[in-house]
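First residue of the sequence shown: 33, per our numbering; consecutive thereafter. Encoded as structure tokens, the structure appears first; notes follow it.
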Amino acid sequence: MDKTEEKRSSKLPSILFFCRDCQKIVPDPKKIGNKYIYKCNLCDGKNVVFGTKKSILNYFRIKESSL
């Protein structure tokens, strides 16, 4: 692995999944079908959104200390 490949992989944003029903970060949601629909493992809701860590924290007004 080149140093440039290592730099690229280290700069990739981390993706978080957030359940709007139970208002919690979902560690490993279950994908439903071929679309971008995910099911929450905690409450079995289908209202799971995903985004970068920064965007999820900003949009839903979650404090980073609560993760």
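We put the CB at the ideal spot given by N, CA and C, even for glycine.
The alpha carbon of Cys-75 has as its nearest neighbour, out of Phe-50, Pro-45 and Ser-46, the alpha carbon of Phe-50.
For the set Ile-47, Ile-57 and Pro-45, the Cα lying nearest the Cα of Leu-99 is the one of Ile-57. Between the alpha carbons of Ile-94 and Asn-79 lies a gap of roughly 17 Å. As computed with DSSP, Gly-83 is found in a beta bridge with Leu-48. As computed with DSSP, Tyr-70 is found in a beta bridge with Lys-63. For Ile-57, the enclosing beta strand (DSSP E) has its first and last residue at 56-58. Annotated as proximal: Gly-83 and Leu-48, with beta-carbon spacing under 8 Å.
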